[in-house]
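Remarks on the structure that follows.
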Amino acid sequence: MKAQVKEDWFRQDRLPHIFCVGCGNGTVINCVVDAVYDLELDIDKTVFISGIGCSSRAPGYMATDSLHTTHGRALAFATGVKLGRPEFDVIVFTGDGDLAAIGGNHFIHACRRNIDLTVVCMNNQIYGMTGGQGSPCTPIGKLSTTTPYGANETPFDLCELAVAAGANYVARWTSYHAKELRNAVIKGIETPGLSFIEVACQCPTSFGNKNKLRQPIDHVNFFRKNAIFLQKAKKMEEERKEIPAEAVIVGEYARRSRPVIGGRI
Amino acid sequence: MSKLEFLQGNIACAKGAIAAGCTFFGGYPITPSTEVAEYMAEALPKIERGCFIQMEDEIAGIASTIGAAWTGARSMTATSGPGFSLMMENIGYAFMTETPCVIVNVQRGGPSTGQPTMAAQGDMMQARYGSHGDYAIIALCPATVQECFELTVKAFNLADQFRCPVLVMTDEIIGHMRERVIIPDSVEIIPPKPAKPTDLPFATDETEIPGFLPFGSGQRTHVTGLTHDERGYPDSADPQRHETLVTRLVHKIESKRHEIADYEIVNPDAEIIFVCYGVPVRSVQQLAAQDKTIGYLKLRIVWPFPEEVLKQFKCVSTFIVPEMNLGMISREIERHTTVPVVSAGKIGGDLHTAQELQEIANAYKATRGRT
Amino acid sequence: MRTEIRFAGFGGQGIITSAVIFGKAAALYDNKYVVQTQVYGPEARGGAATGAVIIDEVEILYPKVVDPDIYVIMSQDGFDKYGTKTKPDAIMVLDSGLVHDRPNCTYYEVPASRVAKEDLGRVIVANIIMLGALVAATGVIGREALKEGILTSVPKGTEELNMKAMIQGFELIQKI
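Chain order of the listed sequences is D, V and S. Residue 0 is where the first sequence starts when you use numbering that gives the first Met the number 0, and the numbers rise one by one after that. Residue 0 is where the second sequence starts when you use numbering that gives the first Met the number 0, and the numbers rise one by one after that. Residue 0 is where the third sequence starts when you use numbering that gives the first Met the number 0, and the numbers rise one by one after that.
So this is what it looks like as structure tokens:
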């Protein structure tokens with residue numbers, strides 16, 4: 000069934016949601032709903048799948064069949080769903096901890112297989128739901144409850160990882176770049192194979208609070224100020240200009256047509 | 000026309016799955032179960048909507064199997080001890096979400112890497128209790144290659160009927176040995192209880208089992224491993240909600256253990272009763288052919304444990320339990336009877352011989368003689 | 000009557016295959032109860048290879064070989080491992096070119112690998128010659144059953160070669 004209005008995509012009886020005031024996840028979910036609404040996807044043939052964490056609560060608010068699975072395993076479950084019904088549009092919501100830590104192996108293998116899924120990763124650089132522990136995406140020097148002296152490990156660049164592992168569509172935007180994000184999700188859904196869209200987003204409660212980005216708008220402004228377009232970043236690299244440590248490089252990392260599994264029959 | 004074939008237990012499991020209408024296999028190769036995956040890799044692509052995928056690990060194997068089950072596919076994975084350990088969390092997920100699926104565990108010697116090419120029955124308690132929290136499980140134990148075929152078919156039917164993961168607990172000996180198998184033209188298929196798109200996905204009647212509609216049916220089901228209500232919506236902080244849900248999930252299986260039970264009794268009036276399941280059944284049957292003073296209870300389904308069956312042995316003075324572990328199901332039997340239970344556990348990979356069992360029975364008879 | 004048959008040799012000779020073919024022949028074409036087993040694990044990768052078949056008129060319960068009645072041995076290693084402990088009334092069929100020792104039981108010397116290589120041009124069918132010899136020497140299953148077992152197991156296009164090998168096996172025993 001097609002949605003008459005955008006709200007048809009939401010489970011009205013599940014509101015209010017659990018996200019904190021100012022959470023970036025709402026922006027991301029709205030952008031994804033904008034995309035599926037604009038694409039006129041069939042609500043009954045679209046499945047949202049997630050693992051565990053704040054981001055992973057998103058499918059619970061979608062008025063579709065939805066699978067809220069175990070921590071880190073969303074892509075493995077989604078692989079079964081997509082191969083079982085290749086005609087479905089399968090969209091995975093995940094977070095940096097869910098995807099890159101406990102689910103890291105499933106992530107690279109889903110990209111390698113290039114299975115026809117759209118993966119939206121809300122990267123808030125922290126474990127929000129469990130109260131602000133460090134993740135594989137916590138930047139060096141940033142504080143979390145498990146990096147009380149500042150993170151000292153180099154974080155993952157999830158987009159570079161997805162590109163290297165073989166995903167057909169890879170892009171990064173932030174919760175500031177709503178329009179670009181919506182367009183990226185549309186392109187992601189339209190591109191056969193694994194589409195990976197990373198969204199840098201704010202977690203005022205657990206990340207901002209500890210890292211001098213106390214107000215939700217502070218972190219969104221941070222994204223606005225520090226976003227560098229991928230092309231520009233590449234040029235800076237060519238010109239041997241230093242890319243600032245706090246830069247968030249945004250844009251399309253890959254759009255290609257490597258062989259795919261689980262595509263529509 | 001049924002067909003006679005000469006097959007390994009693992010292949011018989013795979014053929015049973017195909018006969019039962021399995022269209023999805025997601026797994027990871029592990030000795031001594033690999034032949035199941037290899038057969039499915041060859042067979043499934045030839046079937047309409049059939050799909051085989053080799054996943055990156057056993058966690059992903061069971062996860063993809065559960066995902067496919069929600070698209071309405073009869074789905075299966077196969078593994079052995081180390082992989083079974085990795086699957087535990089998602090087996091709990093399948094139980095909590097009432098996902099029908101089948102897991103074949105070709106047991107090998109553990110713990111850890113242990114004995115990859117030797118048989119054991121050391122996963123019987125893990126099968127029952129290995130995932131966290133309260134749950135119930137159905138576990139079938141074939142003792143012949145023919146039973147590998149039949150019990151795998153049955154596992155799919157039970158999974159759909161009871162909406163739960165079902166385990167086929169075979170072992171390296173049965174998995175790898177070849178015997179003559181009768182492959183019937185068709186097998187009985189028991190589908191899940193039907194449902195309407197307007198039904199709440201987890202609402203139940205007196206059977207305590209909800210009807211099943213796969214994704215894409217218009218029910219728009221939310222499936223979560225969190226404690227949830229009849230709509231499938233999470234509600235994890237309400238003690239009453241959790242108690243009601245988990246009690247129902249356990250009860251829907253445990254309360255029907257008579258209906259699920261599958262066993263065979265020989266010489267029930269004997270004083271010495273062997274209780275056996277899986278490959279040691281063969282040694283017990285050989286002993287019983289020689290020594291008419293003993294009787295036995297052969298369990299084809301170990302979980303849920305059919306405790307009432309033990310009451311059928313009116314003259315029993317001891318239960319002897321040969322199993323390829325150091326005494327797992329013997330403890331379960333002790334829970335349900337006042338009759339003394341002798342554990343005849345054996346590990347290392349070799350099956351008990353009938354002679355060894357005879358000696359255990361004789362030793363018991365000797366102690367009886369003295370009193 | 001329960002008859003236990005032990006097959007031993009080295010990896011690549013088709014020892015396991017011959018046990019499976021023989022088991023299949025007995026189970027499906029000679030109407031016997033059969034259990035076929037094999038040794039898995041590191042030993043099954045190169046090195047030594049071992050298989051076993053148990054045949055009976057009644058259901059076979061205990062599936063493992065206890066004390067073989069018949070041996071089919073295709074390597075000195077296999078002989079060292081199994082051939083030195085034979086019971087006196089056992090029968091052994093051995094590849095005389097590859098096994099140097101001789102057992103304390105009745106035995107048949109079959110130059111299977113040499114004949115396979117020199118007369119048939121394919122050493123790979125030595126195992127089938129051994130099966131032919133086994134059946135000719137012991138009569139444990141019928142020759143027709145063995146033939147069916149082989150024909151339904153070998154790759155397409157190799158039937159004729161394998162039939163020649165089986166008949167060579169029969170004849171090598173008759174010459175003894």
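We treat Cβ as the ideally placed atom computed from N, Cα and C, and that holds for glycine. Just so we're clear, the structure is a prediction, and the values are computed from it rather than from any experiment.
Applying a beta-carbon distance threshold of less than 9 Å, which residues of chain S neighbour V/M75?
Within the second sequence, the letter at position 76 stands for residue 75 of chain V. What V/M75 touches in chain S: nothing, since even the nearest Cβ is about 23 Å away.
List, in chain order, every chain D residue whose beta-carbon is nearer than 9 Å to that of V/P115.
To locate residue 115 of chain V, count along the second sequence from 1; it is residue 116. Per Cβ cutoff of 9 Å: no residues; V/P115 is ~22 Å from chain D at best.
Assuming D/R300 is part of the alpha helix (DSSP H), what are its boundary residues?
There is simply no residue 300 of chain D to check, as chain D begins at 0 and stops at 264 in what is shown.
With a cut-off of 8 Å on the beta carbons, I'd call V/I65 and D/G79 a contact; round off their distance for me.
The count along the second sequence starts at 1 and reaches residue 65 of chain V at position 66. The count along the first sequence starts at 1 and reaches residue 79 of chain D at position 80. Contact annotation, V/I65 with D/G79: C-beta distance approximately 6 Å; criterion of less than 8 Å satisfied.
Out of curiosity, what's the CA-to-CA distance linking D/V259 and V/E4?
Taking the first residue of the first sequence as position 1, residue 259 of chain D is located at position 260. Taking the first residue of the second sequence as position 1, residue 4 of chain V is located at position 5. Take the alpha-carbon of D/V259 and the one of V/E4: they are about 38 Å apart.
Beta-carbon within less than 7 Å of S/N103's beta-carbon, same chain only, minus the 5 sequence neighbours each way: which residues are those?
Translated into positions along the third sequence, residue 103 of chain S becomes position 104. Same-chain partners within the cutoff: T85, P87.
Can you tell me which of V/A77, V/A93, V/T226, V/M0 puts its alpha carbon nearest to the alpha carbon of V/A16?
Against the second sequence, residue 16 of chain V aligns to sequence position 17. Of the candidates V/A77, V/A93, V/T226, V/M0, V/A77 places its Cα closest to the Cα of V/A16.
Cα-Cα separation, S/E58 to S/Y32
Taking the third sequence and counting its residues from 1, the one referred to as residue 58 of chain S is at position 59. Taking the third sequence and counting its residues from 1, the one referred to as residue 32 of chain S is at position 33. Roughly 6 Å separates the two Cα atoms.
Here's a check: name, in chain order, each residue in its chain whose Cβ is nearer than 8 Å to the Cβ of S/D94, leaving out the five neighbours to either side.
Locating residue 94 of chain S in the third sequence gives position 95, counting from the first residue. Take S/D94, set aside five residues on each side of it, and the residues of its chain with a beta-carbon closer than 8 Å to its own are G8, I72, M73, S74, V109, P110, A111, S112, A125, M129, in chain order.
Just to confirm, is the Cβ distance from D/Y168 to D/G133 under 8 Å?
Along the first sequence, read from residue 1 onward, the residue named residue 168 of chain D stands at position 169. Along the first sequence, read from residue 1 onward, the residue named residue 133 of chain D stands at position 134. Cβ distance not < 8 Å, so D/Y168 and D/G133 don't count as in contact.
Suppose you measure from the CA of D/Y252 to the CA of D/C30; what does that come to, to the nearest Å?
Mapped onto the first sequence, residue 252 of chain D falls at position 253. Mapped onto the first sequence, residue 30 of chain D falls at position 31. Looking at the two C-alpha atoms, the distance is approximately 19 Å.
Taking Cβ positions only, does D/F155 come closer than 8 Å to chain V?
Here residue 155 of chain D corresponds to residue number 156 of the first sequence, with the count starting at 1. No, no contact with chain V.
Option nearest D/S194 by Cα separation, candidates D/K211, D/A164, D/C202, D/S205
Here residue 194 of chain D is taken as the residue at index 195 of the first sequence, counted from 1. Of D/K211, D/A164, D/C202, D/S205, the residue nearest in Cα terms is D/A164.
Distance, D/R56 Cα to V/S235 Cα:
Indexing the second sequence from 1 puts residue 235 of chain V at position 236. Indexing the first sequence from 1 puts residue 56 of chain D at position 57. Each residue's alpha carbon lies about 13 Å from the other.
Residues of chain S with a CB under 9 Å from the CB of V/H175: which are they?
The residue given as residue 175 of chain V occupies position 176 in the second sequence. By Cβ distance, chain S contributes T36, Q37, Y39.
Could you say if the region 131–146 of chain V and the region 164–182 of chain V meet the contact criterion of at least three C-beta pairs nearer than 8 Å?
A contact exists between the region 131–146 of chain V and the region 164–182 of chain V.
So, does the CB of D/K141 fall closer than 8 Å to a CB anywhere in chain V?
Your numbering for residue 141 of chain D matches position 142 in the first sequence. No, because no Cβ of chain V sits closer than 8 Å to the Cβ of D/K141.
From the beta carbon of S/P110, is the nearest beta carbon of chain V less than 8 Å away?
For the purposes of this step, residue 110 of chain S is taken as residue 111 along the third sequence, with counting starting at 1. Look at S/P110: its C-beta is not under 8 Å from any C-beta on chain V.
Quick check on DSSP: helix, strand or coil for S/A89?
Mapped onto the third sequence, residue 89 of chain S falls at position 90. S/A89: coil per DSSP, three-state reduction.
Just verifying my parser: in three-state terms, what is the DSSP assignment at S/T137?
Within the third sequence, the letter at position 138 stands for residue 137 of chain S. Three-state DSSP puts S/T137 in a helix.
In whole angstroms, what is the alpha-carbon distance linking V/T370 and V/Y363?
What you label residue 370 of chain V is simply residue 371 of the second sequence in a count that begins at 1. What you label residue 363 of chain V is simply residue 364 of the second sequence in a count that begins at 1. Bear in mind that the predicted position of V/T370 carries a pLDDT of just 49, short of 50, making it unreliable; the figure below should be weighed with that in mind. Going by the C-alpha atoms only, they are around 11 Å apart.
Which residue's Cα is closest to the Cα of V/V105: V/S32, V/K297, V/H250?
Along the second sequence, one-based indexing puts residue 105 of chain V at 106. That would be V/S32, whose Cα lies nearest to the Cα of V/V105.
Out of V/P190, V/H221, V/R179, point me to the one whose CA is closest to V/D198's CA.
Indexing the second sequence from 1 puts residue 198 of chain V at position 199. Looking at V/P190, V/H221, V/R179, the one whose alpha-carbon comes closest to that of V/D198 is V/H221.
Report the residue ranges of all beta strand (DSSP E) runs contained in full by the region 120–194 of chain V; include only those spanning at least 3 residues, in chain order.
The DSSP assignment places complete beta strand (DSSP E) segments of no fewer than 3 residues inside the region 120–194 of chain V at 137–139, 164–170, 177–182, in order along the chain.
Give the secondary structure of V/E47 by DSSP, where H, G and I count as helix, E and B as strand, and everything else as coil.
The residue labelled residue 47 of chain V in the question sits at position 48 within the second sequence. It is coil, neither helix nor strand.
From the beta carbon of D/L116, is the nearest beta carbon of chain V less than 8 Å away?
One-based indexing of the first sequence puts residue 116 of chain D at position 117. For D/L116, the closest Cβ of chain V is not nearer than 8 Å.
With a cut-off of 8 Å, does the C-beta of D/Q11 fall near any C-beta of chain V?
The sequence position of residue 11 of chain D within the first sequence is 12, counting from 1. No, because no Cβ of chain V sits closer than 8 Å to the Cβ of D/Q11.
In or out: V/H351 buried (at least 16 other Cβ within 10 Å) or exposed?
Sequence index remark: in the second sequence, residue 351 of chain V carries index 352 (1-based). Buried: at least 16 other Cβ atoms inside 10 Å.
For V/S282, the first and last residue of its enclosing beta strand (DSSP E):
Position 283 of the second sequence holds residue 282 of chain V. Careful: V/S282 lies outside any beta strand (DSSP E), inside the alpha helix (DSSP H) at 279–289.
Contacting positions in the region 278–300 of chain V - beta carbon closer than 7 Å to chain S:
Close to chain S, meaning a Cβ-Cβ distance shorter than 7 Å, are the following residues of the region 278–300 of chain V: R281, S282, Q284, Q285.
For the region 98–149 of chain S, which segments carrying the alpha helix (DSSP H) assignment without a break, of at least 4 residues, lie completely within its bounds, in sequence order?
Listed in chain order, the complete alpha helix (DSSP H) runs (minimum 4 residues) inside the region 98–149 of chain S are 111–117, 125–137.
Show which residues of chain S have a CB atom less than 9 Å away from the CB atom of V/E149.
Looking up residue 149 of chain V in the second sequence gives position 150. Those within 9 Å of V/E149 in chain S number zero; the least Cβ separation is about 16 Å.
Proximity of V/R383 and V/T203 at Cβ, strictly below 8 Å:
Residue 383 of chain V lies beyond the residue range present for chain V, which begins at 0 and ends at 370; the question has no answer from this structure.
Along the beta strand (DSSP E) that carries D/K81, what are the first and last residues, could you check?
The residue you call residue 81 of chain D lines up with position 82 of the first sequence. For D/K81, there is no enclosing beta strand (DSSP E); the enclosing alpha helix (DSSP H) covers residues 73–83.
Going along the chain, which residues of its own chain have a beta-carbon closer than 7 Å to the beta-carbon of D/R10, five neighbours each way excluded?
One-based indexing of the first sequence puts residue 10 of chain D at position 11. Excluding residues within five positions, the ones whose Cβ falls inside 7 Å are Y60, M61, A62.
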